[in-house]
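Engineer: My questions all concern the structure below.
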């Protein structure tokens with residue numbers, strides 16, 4: 012028969028073992044983390060084409076326009092058509108006035124070309140600005156989502172920590188309860204044992220004539 | 031003297047029997063307490079399991095709602111995503127997007143041009159229409175891209191809400207499971223300890239019973255010790271004398 016302390020240790024270790032062995036709870040946390048990560052990946056994937064359109068196309072094009080550099084651009088069909096129409100108009104007009112081969116003809120043609128080219132570049136710039144704004148919106152959407160999900164993930168770890176703390180407190184309380192119960196029982200045992208020994212002593216003393 | 035010894039024996043047996051009955055009753059009550067504690071603990075665990083299941087049901091509903099929201103946004107996101115590469119091409123005037131020129135050569139426009147203008151003019155008009163259509167298509171593609179990114183925004187809003195709501199449900203499930211495990215552990219530990227205490231108490235009561243012996247002997251025999259014996263400890267000497275004094279039928 013083991014001592015009471017040994018038995019108490021056995022009982023307490025049951026609690027620690029059972030309370031510490033929580034196989035299902037961590038998997039819930041892992042499941043939650045994987046879920047949050049999956050949702051973040053989903054938003055990153057949805058926004059990716061818009062974001063890369065801005066960074067890979069619009070920003071290089073607008074930077075080239077602003078700071079100089081090569082742009083991936085061809086004159087539009089509208090430019091070609093408008094130029095052809097305009098050229099015909101200029102030539103016909105000049106022929107009627109001072110003749111086609113005059114400085115006025117070249118000036119008017121130059122004005123026509125630069126005006127149409129400016130409009131065409133303007134449309135190119137406007138399109139890229141639209142693309143840039145779209146990409147920026149997508150980036151803002153992603154940033155907002157990342158902040159929220161990062162908050163969720165932080166909350167998961169915080170909850171995990173609080174739960175671990177709670178478990179620790181509960182285990183401590185359980186152990187304290189057991190120690191208290193065990194201590195009272197041990198005290199009771201000691202008192203009773205002492206009483207028994209005292210009684211035996213009295214008995215022996217009685218027989219020995221000590222009265 | 032013999033009568034006194036018999037009386038003492040009866041008293042002792044009575045006490046032992048009474049103690050046994052009392053002990054049995056106490057044991058029964060303790061066992062009932064343990065069972066009640068276990069039942070209460072089991073009920074709490076079942077309650078927490080029910081909480082977990084309810085949270086699982088809630089989770090399934092939330093996922094279905096958010097899944098439906100995301101699915102509803104999908105056509106908008108898809109059309110925007112599909113328009114994006116065409117828009118990039120259109121901005122740089124590369125590739126042919128929008129309605130092809132052939133579309134203008136049939137239907138009302140073509141009929142109108144065919145009826146009222148010569149072929150050369152008709153060809154020029156169609157060429158100009160195609161050029162205008164290409165520009166118009168830039169606006170169209172831009173609108174679709176904006177619709178798409180708007181859809182992505184709504185989709186992301188749903189996803190973020192889903193992540194928060196479902197995440198909280200999973201936290202609740204984890205908490206319920208943890209509490210259930212804690213309760214189960216405490217119940218098992220307490221029951222185990224109670225059983226140990228119970229056994230210890232039996233031993234203690236046995237020892238405690240011994241302490242009553244001197245009083246019983248003294249009451250039964252009126253024996254208060256040998257004269258002249260002083261405080262000497264001499265069991266070998268005193269026991270045979272005690273036997274003699276109670277007529278050899280004593281209980282020691």
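Chains as they are written, first to last, in the working numbering: chain A, 12 to 222; chain B, 31 to 282. Built from N, CA and C at the ideal position, the CB exists for glycine as well. Values in this document were obtained by computation on a predicted structure and should not be read as measured data.
Is the Cβ of residue 116 of chain A closer than 8 Å to any Cβ of chain B?
Structural biologist: No, its Cβ sits nowhere closer than 8 Å to a Cβ of chain B.
Engineer: Would you call the stretch 166-176 of chain B in contact with the stretch 78-97 of chain B, where contact means no fewer than 3 C-beta pairs closer than 8 Å?
Structural biologist: The stretch 166-176 of chain B, when compared against the stretch 78-97 of chain B, does not touch it at the 8 Å Cβ threshold.
Engineer: Identify the continuous alpha helix (DSSP H) that holds residue 90 of chain A and give its terminal residues.
Structural biologist: Taken as a continuous stretch (DSSP letters only), the alpha helix (DSSP H) holding residue 90 of chain A covers 88-107.
Engineer: What are the start and end residues of the alpha helix (DSSP H) that includes residue 70 of chain A?
Structural biologist: Its alpha helix (DSSP H) spans residues 70-78.
Engineer: Applying a beta-carbon distance threshold of less than 7 Å, which residues of chain B neighbour residue 141 of chain A?
Structural biologist: Ordered by position in chain B, the residues that pass the 7 Å Cβ test against residue 141 of chain A are 172.
Engineer: Excluding sequence positions up to five away, which residues of its chain have a Cβ less than 8 Å from the Cβ of residue 4 of chain A?
Structural biologist: Only positions 12 to 222 of chain A appear in the structure, and residue 4 of chain A is not among them; the question remains open.
Engineer: Compare the C-beta of residue 46 of chain A against all C-beta atoms of chain B and say whether one is closer than 8 Å.
Structural biologist: Yes, contact with chain B.
Engineer: Here's the rule: buried if 16 or more other CB atoms are within 10 angstroms of the residue's CB, otherwise exposed. What is residue 104 of chain B?
Structural biologist: When all chains shown are included, residue 104 of chain B counts as exposed.
Engineer: Please confirm if residue 68 of chain A has its CB atom under 8 Å from at least one CB of chain B.
Structural biologist: Taking Cβ atoms only, chain B reaches closer than 8 Å to residue 68 of chain A, which makes this a yes.
Engineer: For the candidate residues A/165, A/94 and A/174, whose alpha-carbon lies nearest to that of residue 129 of chain A?
Structural biologist: The candidate whose alpha carbon is nearest that of residue 129 of chain A is A/94.
Engineer: Shortest alpha-carbon distance to residue 61 of chain A belongs to which of A/205, A/152, A/203 and A/206?
Structural biologist: Here the closest residue by C-alpha is A/152.
Engineer: Give me the Cα-Cα distance between residue 58 of chain B and residue 236 of chain B, rounded to the nearest whole angstrom.
Structural biologist: About 18 Å.
Engineer: Could you please tell me which residues of the stretch 123-138 of chain A, in chain order, have their CB closer than 8 Å to any CB of chain B?
Structural biologist: Of all residues in the stretch 123-138 of chain A, 131, 134, 135 and 138 have a Cβ within less than 8 Å of some Cβ in chain B.
Engineer: Anything in the stretch 192-203 of chain B with a Cβ closer than 7 Å to a Cβ of chain A? List those residues in chain order, please.
Structural biologist: Of all residues in the stretch 192-203 of chain B, 192, 193, 194, 196, 197, 200, 201 and 203 have a Cβ within less than 7 Å of some Cβ in chain A.
Engineer: Near residue 143 of chain A, which residues of its chain fall below 6 Å by C-beta distance, leaving aside the five closest residues on each side in sequence?
Structural biologist: Taken in chain order, the residues that qualify are 65 and 69.
Engineer: Buried or exposed, going by whether 16 or more other CB atoms sit within 10 Å of the CB of residue 52 of chain A?
Structural biologist: Exposed.
Engineer: Between residue 175 of chain B and chain A, is there a C-beta pair that is closer than 8 Å?
Structural biologist: At least one chain A Cβ lies under 8 Å of residue 175 of chain B.
Engineer: Counting beta carbon pairs with one atom in the stretch 184-197 of chain B and one in the stretch 73-83 of chain B, are three or more of them shorter than 8 Å?
Structural biologist: The stretch 73-83 of chain B is not in contact with the stretch 184-197 of chain B.
Engineer: Taking only runs that begin and end inside the stretch 148-176 of chain A, name each unbroken beta strand (DSSP E) of 3 or more residues, in chain order.
Structural biologist: For the stretch 148-176 of chain A, not a single whole beta strand (DSSP E) run of length 3 or above is found.
Engineer: State yes or no: is the C-beta of residue 210 of chain A within less than 8 Å of the C-beta of residue 242 of chain B?
Structural biologist: Going by C-beta atoms, residue 210 of chain A is nearer than 8 Å to residue 242 of chain B.
Engineer: Just how far apart, CA to CA, sit residue 91 of chain A and residue 46 of chain A?
Structural biologist: Spanning the two alpha carbons is a distance of roughly 54 Å.
Engineer: With a cut-off of 8 Å, does the C-beta of residue 150 of chain A fall near any C-beta of chain B?
Structural biologist: By this cut-off, residue 150 of chain A is not an interface position.
Engineer: Against chain A, with Cβ distances strictly below 8 Å, would residue 261 of chain B count as a contact?
Structural biologist: Low per-residue confidence applies at residue 261 of chain B: pLDDT is 42, beneath 50, and the placement is therefore not dependable, though the value from the model is reported in the following sentence. Yes, because at least one Cβ of chain A sits closer than 8 Å to the Cβ of residue 261 of chain B.
Engineer: Determine whether the beta carbon atoms of residue 114 of chain B and residue 182 of chain B lie at a separation below 8 Å.
Structural biologist: Their beta carbons are not under 8 Å apart, which means residue 114 of chain B does not touch residue 182 of chain B by this criterion.
Engineer: Please list, in chain order, the residues of the stretch 71-91 of chain A that have any C-beta partner in chain B closer than 9 Å.
Structural biologist: Within the stretch 71-91 of chain A, the residues whose Cβ lies closer than 9 Å to some Cβ of chain B are 72, 82, 83, 84, 85, 86, 87, 88, 89, 90 and 91, listed in chain order.
Engineer: For residue 82 of chain A, name the three-state secondary structure that DSSP assigns.
Structural biologist: Here residue 82 of chain A sits in coil by DSSP.
Engineer: For residue 147 of chain B, which of helix, strand or coil comes out of DSSP?
Structural biologist: In the structure shown, residue 147 of chain B sits in coil (DSSP, three-state: anything other than H, G, I, E or B).
Engineer: Give the DSSP-derived three-state secondary structure of residue 242 of chain B in the structure shown.
Structural biologist: Three-state DSSP puts residue 242 of chain B in coil, outside helix and strand.
Engineer: What do you get for residue 131 of chain A, buried or exposed, if any count of 16 or more other CB atoms within 10 angstroms of its CB means buried?
Structural biologist: Flag for residue 131 of chain A reads buried.
Engineer: Counting only the same chain and skipping the five closest in sequence on each side, list residues whose C-beta sits under 6 Å from that of residue 102 of chain B.
Structural biologist: Nothing meets the Cβ criterion.
Engineer: What is the C-beta distance between residue 78 of chain B and residue 206 of chain B, in whole angstroms, given that I count them as a contact (C-beta under 8 Å)?
Structural biologist: With 8 Å as the limit, residue 78 of chain B and residue 206 of chain B qualify as a contact, their Cβ atoms being about 5 Å apart.
Engineer: Determine whether the Cβ of residue 154 of chain A lies closer than 8 Å to any Cβ atom of chain B.
Structural biologist: Taking Cβ atoms only, chain B never reaches closer than 8 Å to residue 154 of chain A, which makes this a no.
Engineer: So residue 180 of chain B and residue 106 of chain B are in contact, right, with Cβ under 8 Å, and what is the actual spacing, rounded?
Structural biologist: Residue 180 of chain B to residue 106 of chain B, Cβ: 7 Å. Contact.
Engineer: Applying a beta-carbon distance threshold of less than 7 Å, which residues of chain A neighbour residue 50 of chain B?
Structural biologist: By Cβ distance, chain A contributes nothing, its closest Cβ being about 17 Å from residue 50 of chain B, past 7 Å.
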